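Here's the structure, in structure tokens; my notes come after.
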Amino acid sequence: MTTVIIAASVLFVMLVFVWIMPSLTQPTLPFGVRVPAERATDPRIAHVRRGYRSTLVGAFIVCVGAMVVLRDTVSVIWLAQGLALFGVALYATAYFVAHRRLQGVKARENWYAGQREALVANTDTQSGLVAFPWAWLLPALLALGATIVIGVLRYPKLPATIPTHFDINGKPNGFAAKGPAAFLLPGMEVALTILFAGLTWLALRSRYDIDPADPEASSAQQRGFRMRWSRALLLFAALTNIALLLGALLTWQILPANQPGTFAILLAPEVVILLGALGLAIVTGQGGARMRVARSGAKTGLVHRDDDRYWKGGLIYYNPDDPAFLVEKRFGIGWTINFASKGAWVFLGAIVLVIVASALLPTLLR
Amino acid sequence: MWLVLDLKSERPIYLQIRDQVVEAIASGRLAPGSALPPIRQLAIDFGINLHTVHKAYETLRDEGFVQLRRKVGATVLATPETPVAASDWPLRLRTLLAEPVARQIASDEIVAVCQRVLDEFASERSERSERIGRLKEG
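Sequence lines, in order, name chains A and B. Sequential numbering from 1 applies to the first sequence in the working numbering. Sequential numbering from 367 applies to the second sequence in the working numbering.
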């Protein structure tokens with residue numbers, strides 16, 4: 001039953017994110033389709049959104065129902081994982097169906113006919129960029145510093161082999177020589193701190209996607225979005241470091257692994273990150289779409305250019321002309337890469353390397 | 367300062383950038399010696415090809431409005447040079463004025479419109495220098 005509960009919770013958390021997402025994106029980008037501002041309130045968009053949401057809820061109920069009903073008839077682990085994956089596939093299908101439907105309406109009725117498409121840029125953006133919030137990096141560095149200090153003090157007292165893996169009841173089931181194993185988690189903290197800080201730095205420099213209809217308002221939203229998320233990302237780095245510090249305390253046998261509640265303490269930072277990200281996403285919206293900013297009454301008569309052709313499925317950006325490699329997502333919170341730029345592939349390769357390395361390291365050390 | 371590219375316009379994008387920079391110099395929004403954004407930055411901000419921005423800046427350099435230097439980038443010249451190719455504005459003005467004349471708009475009306483445009487540039491410039499003066503005093 002535990003396996004079913006875990007799989008169902010994962011599916012539920014994802015349901016919350018994908019269910020709420022259409023309300024968090026820019027109103028002129030429903031389901032990754034660029035529409036002129038005057039069409040953003042078209043009843044067909046609301047209709048597609050309702051269809052999308054009921055499909056999601058239906059998919060969740062079917063998958064979790066199947067898990068509960070079939071849990072004793074087949075291997076429960078395979079069943080839960082398989083149905084969770086199937087549920088995710090259904091969520092994705094619901095998105096693509098909504099995307100295609102809106103694309104169809106837009107193309108049939110030629111929504112961009114007679115619109116004045118424009119691009120705007122502020123030549124003073126360099127001086128108006130949100131500065132890297134160094135002070136907010138401090139908590140992450142403190143957690144990292146604490147890990148290193150405790151590690152240095154503890155290391156001489158550790159036995160030759162230390163536990164590196166625990167089962168769900170906190171019983172150690174993997175051991176390794178302390179030489180490499182004790183450095184594993186502090187090393188991961190260093191790598192993740194650099195990764196988080198680097199991503200924040202890049203995100204702060206990413207293009208402000210300005211709506212020519214009201215450049216000042218949209219640039220205020222973009223600034224606010226970067227201001228909030230840069231700080232949040234650095235706090236998430238601190239929470240991640242705290243989670244790794246707790247893990248290190250387990251392997252260094254400072255924190256008892258077999259106590260009830262240890263599991264909950266270890267999980268707490270991740271839960272805070274998840275809820276924090278969800279809360280921030282809801283109040284801020286993608287690109288600051290939900291932030292209240294002063295609107296200028298002046299009508300420029302311009303609309304954002306229809307750039308759908310560069311977005312495969314509304315999710316994957318491929319534009320060889322665009323020198324930018326980090327751009328804001330259309331459907332989702334945060335940034336994605338321009339798959340047509342060389343820098344993007346280097347960036348992607350580096351991230352994959354870090355993930356693969358941190359996944360393989362424990363196995364290599366064993 | 368906002369730069370706006372109208373994608374439905376007949377005028378090529380690099381010339382639209384050029385036009386707006388020249389207007390900004392005329393109205394004092396771009397002071398002599400001030401820097402234009404780096405080519406790469408502006409191309410990223412618009413999401414357009416680097417060569418388009420490069421071409422706009424080269425045009426501005428050839429017309430004597432900005433200086434292009436490695437590392438420093440593009441800066442507005444204190445006194446615009448007037449190369450032969452750029453001094454043809456009376457010719458272009460002729461083409462432009464031919465339009466209202468052909469539409470049989472009266473000469474003094476055309477001159478009034480011209481004067482208004484010049485006044486706009488002048489008043490924007492003086493407003494700006496007043497504001498800078500006040501900032502220096504305060």
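For glycine and all other residues, C-beta sits at the position ideal for the given N, C-alpha and C. Given the structure is predicted, the values throughout are model-derived calculations rather than measurements.
Runs of beta strand (DSSP E) wholly within the segment 423 to 459 of chain B (minimum 3 residues, chain order): 432 to 435, 439 to 442
Simplified DSSP state of A:F225, which is helix, strand or coil: As a first step, residue 225 of chain A must be located in the first sequence, where it is residue number 225. Residue state, collapsed to three classes: helix.
Counted within 10 angstroms of its Cβ, other Cβ atoms place A:F12 as buried (16 or more) or exposed: Taking the first sequence and counting its residues from 1, one reaches residue 12 of chain A at position 12. Burial call: exposed.
A:A217 versus A:R295 - alpha carbon distance: Position 217 of the first sequence, counting from 1, holds the residue named residue 217 of chain A. Position 295 of the first sequence, counting from 1, holds the residue named residue 295 of chain A. Taking the straight line from one Cα to the other gives about 6 Å.
Stretch-stretch touch, CB-based, cutoff 8 Å, three pairs: the segment 125 to 143 of chain A with the segment 374 to 391 of chain B: no
Buried or exposed by the 16-neighbour rule on C-beta atoms within 10 Å, applied to B:A488: Numbered from 1 along the second sequence, position 122 holds the residue referred to as residue 488 of chain B. Result: exposed.
Under 7 Å from the C-beta of A:P215: neighbouring residues of chain B: In the first sequence, residue 215 of chain A corresponds to position 215, counting from 1. Those within 7 Å of A:P215 in chain B are W368.
Cβ-Cβ separation, A:R231 to A:W134 (assumed contact under 8 Å), whole Å: As a first step, residue 134 of chain A must be located in the first sequence, where it is residue number 134. As a first step, residue 231 of chain A must be located in the first sequence, where it is residue number 231. Not confirmed; about 11 Å, so no contact.
Element boundaries [alpha helix (DSSP H), containing A:E189]: In the first sequence, residue 189 of chain A corresponds to position 189, counting from 1. Start and end: 178 to 205.
Which residues DSSP lists as bridging A:V312, in chain order: Walking along the first sequence from the start, residue 312 of chain A turns up at place 312. Looking at the sequence shown, residue 312 of chain A is not Val but Lys. Partner(s): A:I316.
A:M1 to A:L83 span [Cα, whole Å]: Within the first sequence, the letter at position 1 stands for residue 1 of chain A. Within the first sequence, the letter at position 83 stands for residue 83 of chain A. Cα to Cα, the separation comes out at about 14 Å.
Boundaries of the alpha helix (DSSP H) in which B:D474 is found, first to last residue: The count along the second sequence starts at 1 and reaches residue 474 of chain B at position 108. Element bounds for B:D474: 473 to 503.
Backbone CA spacing between A:R108 and A:Y91 [nearest angstrom]: Locating residue 108 of chain A in the first sequence gives position 108, counting from the first residue. Locating residue 91 of chain A in the first sequence gives position 91, counting from the first residue. Between A:R108 and A:Y91, the C-alpha separation is close to 26 Å.
Opening and closing residue of the beta strand (DSSP E) in which B:V370 lies: The sequence position of residue 370 of chain B within the second sequence is 4, counting from 1. Counting along the chain, the beta strand (DSSP E) containing B:V370 begins and ends at 368 to 372.
Paired residues, beta bridge with A:H165 - DSSP: Locating residue 165 of chain A in the first sequence gives position 165, counting from the first residue. Answer is A:G174, bridged to A:H165.
For A:I242, the three-state DSSP class (helix, strand or coil): Locating residue 242 of chain A in the first sequence gives position 242, counting from the first residue. Correct three-state label for A:I242: helix.
Beta-carbon neighbours of B:A409, restricted to chain A and to distances below 7 Å: Start at 1 with the first residue of the second sequence, and residue 409 of chain B comes out as number 43. Chain A residues near B:A409: P323.
Same chain, Cβ closer than 7 Å to A:F302, five either side skipped, listed in chain order: Translated into positions along the first sequence, residue 302 of chain A becomes position 302. Looking at the sequence itself, residue 302 of chain A is Leu, so the reference to Phe does not match. R116, A118, P212, A213.
From A:W335, A:G297, A:Y318, residue whose alpha carbon lies closest to that of A:W201: Position 201 of the first sequence, counted from the start, is the residue given in the question as residue 201 of chain A. Looking at the Cα atoms, A:W335 is the closest of the given residues.
Local conformation of B:E376 per DSSP, three classes: Start at 1 with the first residue of the second sequence, and residue 376 of chain B comes out as number 10. Residue state, collapsed to three classes: coil.
Alpha carbon of A:V346 to alpha carbon of B:A478, nearest angstrom: Mapped onto the first sequence, residue 346 of chain A falls at position 346. Mapped onto the second sequence, residue 478 of chain B falls at position 112. The alpha-carbon atoms of A:V346 and B:A478 are separated by roughly 59 Å.
Which residues DSSP lists as bridging A:A66, in chain order: Taking the first sequence and counting its residues from 1, one reaches residue 66 of chain A at position 66. DSSP lists no partner for A:A66.
Within-9 Å CB hit, B:P403 to chain A: Your numbering for residue 403 of chain B matches position 37 in the second sequence. For B:P403, the answer is yes, since a Cβ of chain A falls inside 9 Å of its Cβ.
Between the CA atoms of A:I282 and A:M188 - distance to the nearest angstrom: Indexing the first sequence from 1 puts residue 188 of chain A at position 188. Indexing the first sequence from 1 puts residue 282 of chain A at position 282. If I take the Cα positions, the gap works out to 30 Å.
Minimum Cβ-Cβ distance from B:L416 to chain A less than 9 Å: Counting from one through the second sequence, the residue named residue 416 of chain B turns up at place 50. Yes, contact with chain A.
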